[in-house]
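Residue numbers (UniProt numbering): 1 to 210.
What follows is the structure, given as structure tokens:
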């Protein structure tokens, strides 16, 4: 089984996807971490995340050893990831990796769960189940603000909210694989949901019959 979970930043899709993977015995891939890794590589090199040549080079030579690095979870990495993700050459370089993970899950897993922005529309359009997890931009900004504070990073809510709006606009407005809800995806709005409530809804959708 292939499960595609898409949606904007801080909607809760990553937490949901990991929990579903544990519940269902599926392999999990946070595709956003791939773009964050590319972004971090570009930043480490002192290049501009909007430099298509530098970003594509990083994507083609992705350093998988940094995929679990805490550096990927910083606000700077997130903002830069949104910029490199808008570059077609970067997306092309990472597409095969994502599709390979979905069709041949590692470690003998019974299926794969991928979360990102274009999983159900581009990477795995034939996924068995598709979810589009979202929330109001204010709710998502509040979650990200608290997350940054808990990590000890200086953050101002108004700035986080503005960054979130700009990131949404980039993700939805890019010409290559924009973030949109797939026609056959089930919408889950987590604005007023607890993680447990979102999990229950998602699990019901996944276990439902066609």
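Positions of the beta carbon are idealized from the N, C-alpha and C atoms, including for glycine.
Identify, in the order they occur along the chain, each residue of the same chain with its Cβ nearer than 6 angstroms to the Cβ of residue 143, setting aside the five sequence neighbours on each side.
10
Looking at the structure shown, is residue 167 part of a helix, part of a strand, or coil, going by DSSP?
helix
Looking only at C-alpha atoms, which of 127, 160 and 154 sits nearest to residue 141?
160
Here's the rule: buried if 16 or more other CB atoms are within 10 angstroms of the residue's CB, otherwise exposed. What is residue 172?
exposed
Continuous beta strand (DSSP E) stretch holding residue 186: start and end:
186-189
May I have the straight-line CA-CA distance separating residue 24 from residue 85, to the nearest angstrom?
29 angstroms
Taking the CB atoms as reference points, tell me whether residue 93 and residue 135 lie closer together than 8 angstroms.
no
Neighbourhood of residue 56 by C-beta distance below 8 angstroms, restricted to the same chain and skipping five residues each side:
87, 89, 90 and 93
Proximity below 8 angstroms, CB of residue 79 to CB of residue 118
no
DSSP-derived helix/strand/coil call for residue 2:
strand
Touching or not, the stretch 187-194 and the stretch 30-43, by the rule of three or more beta carbon pairs under 8 angstroms?
no
Would you call the stretch 12-27 in contact with the stretch 61-81, where contact means no fewer than 3 C-beta pairs closer than 8 angstroms?
no
Helix, strand or coil for residue 116? Go by DSSP, reduced to three states.
strand
Which two residues bound the contiguous beta strand (DSSP E) that contains residue 131?
129-134
I'd like to check one pair, residue 181 with residue 132: are the Cβ atoms closer than 8 angstroms?
yes
Neighbourhood of residue 77 by C-beta distance below 6 angstroms, restricted to the same chain and skipping five residues each side
36, 39 and 40
N-terminal and C-terminal residue of the alpha helix (DSSP H) that residue 80 is part of
75-84
What separation, rounded to the nearest whole angstrom, lies between the Cα atoms of residue 102 and residue 113?
7 angstroms
Output the boundary residues of the alpha helix (DSSP H) element that contains residue 96.
88-103
What do you get for residue 8, buried or exposed, if any count of 16 or more other CB atoms within 10 angstroms of its CB means buried?
buried
In this structure, how does DSSP classify residue 27 when only helix, strand and coil are distinguished?
strand
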